[in-house]
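With the numbering used here applied, the sequence shown covers 1 to 215.
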Amino acid sequence: MSLFSPGSLIDDQYRILVDRVERSFILIWNAPQEFNRFANQRFTLTLDDQKEMKVTVPSDLWIEGTTQKRNNVTEFVVYNAVFERDVTQLEAKGITGNGTDLRLFLEDKASQSNLIGTKFKVRYRVTRWQADDLQTSPRTDFVTRYEGDMPANLVRQEGNQFILDIGQLPLPVESLRSGTGVEIELLATRSFAGYSKEQKIVIRDTIKGANILRR
Numbered sequence: 001m002s003l004f005s006p007g008s009l010i011d012d013q014y015r016i017l018v019d020r021v022e023r024s025f026i027l028i029w030n031a032p033q034e035f036n037r038f039a040n041q042r043f044t045l046t047l048d049d050q051k052e053m054k055v056t057v058p059s060d061l062w063i064e065g066t067t068q069k070r071n072n073v074t075e076f077v078v079y080n081a082v083f084e085r086d087v088t089q090l091e092a093k094g095i096t097g098n099g100t101d102l103r104l105f106l107e108d109k110a111s112q113s114n115l116i117g118t119k120f121k122v123r124y125r126v127t128r129w130q131a132d133d134l135q136t137s138p139r140t141d142f143v144t145r146y147e148g149d150m151p152a153n154l155v156r157q158e159g160n161q162f163i164l165d166i167g168q169l170p171l172p173v174e175s176l177r178s179g180t181g182v183e184i185e186l187l188a189t190r191s192f193a194g195y196s197k198e199q200k201i202v203i204r205d206t207i208k209g210a211n212i213l214r215r
């Protein structure tokens, strides 16, 4: 008795099961962040050529964790987790003071700065324009007075707020006077568990207050 009817088309390529590999995976959430916030994230599990399990984390999630194997069970332990979108949520809150007391304030709207390391580069530029005119003044009108790293000793962190002592940079005194229109461009590098991302922040404002001339 034939298994196939006359005229049947039979594929000449086949898959043959040559081996069966069984592995178990456990996710251990030891992070202080609430698990429910990350519960919908999908981790990808694959076997390498040595039949060892590999864990791939979603691209929009920054994880501090370790992988360990016990018998045929792979354990992935999470110690901290941050969404990538929350890394670049620094927001300028303005400048205060003048002269050597000129300071710039930033706030981390995502409240993740207790986990994320932050370094700044700064470009400080001045212009003859003031107040509302700063928003429409041509960029060619600005003159750069400082461009480089923001020294760590001039950056203070208080919770999710950063205070940058701009007035302590090697700037000409006249660039820090009250009434001077300024553009301060920051490049923040945010790092966590081997991940890194940059955020650019631009502040245009007029220095206010009674002039402080000490150096």
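Ideal Cβ placement from N, Cα and C applies to all residues, glycine included. Just so we're clear, the structure is a prediction, and the values are computed from it rather than from any experiment.
Coil, strand or helix - residue i by DSSP
i, result
"Gln50", "coil"
"Arg42", "coil"
"Thr180", "coil"
"Val202", "strand"
"Val57", "coil"
"Gln161", "strand"
"Leu115", "coil"
Reference residue i, options the options, closest by Cα
i, options, result
"Phe43", "Val21, Thr100, Asn72 and Val78", "Val78"
"Leu115", "Asn160, Glu147, Asn98 and Arg103", "Asn160"
"Leu27", "Asp49, Phe35 and Val21", "Phe35"
"Leu176", "Lys208, Glu158, Asp48 and Leu47", "Lys208"
"Glu22", "Glu158, Ile16 and Asn72", "Asn72"
"Trp29", "Thr66, Asp49 and Gln13", "Thr66"
"Ser111", "Pro170, Phe162 and Phe38", "Phe162"
"Leu104", "Gln68, Phe25, Leu169 and Arg70", "Leu169"
Start-to-end residues for the beta strand (DSSP E) that takes in residue i
i, result
"Ser24", "Ser24 to Trp29"
"Gln68", "Leu61 to Arg70"
"Tyr14", "Here Tyr14 belongs to no beta strand (DSSP E), and DSSP marks it neither H nor E."
"Arg103", "Arg103 to Asp108"
"Asn80", "Val73 to Phe83"
6 Å Cβ shell around residue i - same chain, five flanking residues per side excluded
i, result
"Gly117", "Ser191"
Heavy atom of the ligand SAM within 8 Å of residue i beta-carbon
i, result
"Lys200", "Looking at this structure, you won't find the ligand SAM or any other ligand, since it has none at all."
Same chain, Cβ closer than 8 Å to residue i, five either side skipped, listed in chain order
i, result
"Thr144", "Arg123, Tyr124 and Arg125"
Quick one: any contact between the segment 88-99 and the segment 53-62, if contact means 3 or more CB pairs under 8 Å?
Contact check between the segment 88-99 and the segment 53-62: fewer than three CB pairs, one atom from each, fall below 8 Å, which does not count as touching.
Taking one C-beta from the segment 79-86 and one from the segment 145-157 each time, how about it: are there three or more such pairs within less than 8 Å?
Because the criterion of three Cβ pairs below 8 Å is not met, the segment 79-86 and the segment 145-157 do not touch.
With three or more beta-carbon pairs closer than 8 Å as the criterion, would you say the segment 177-189 touches the segment 200-208?
The answer is yes - the segment 200-208 touches the segment 177-189, with three or more Cβ pairs under 8 Å.
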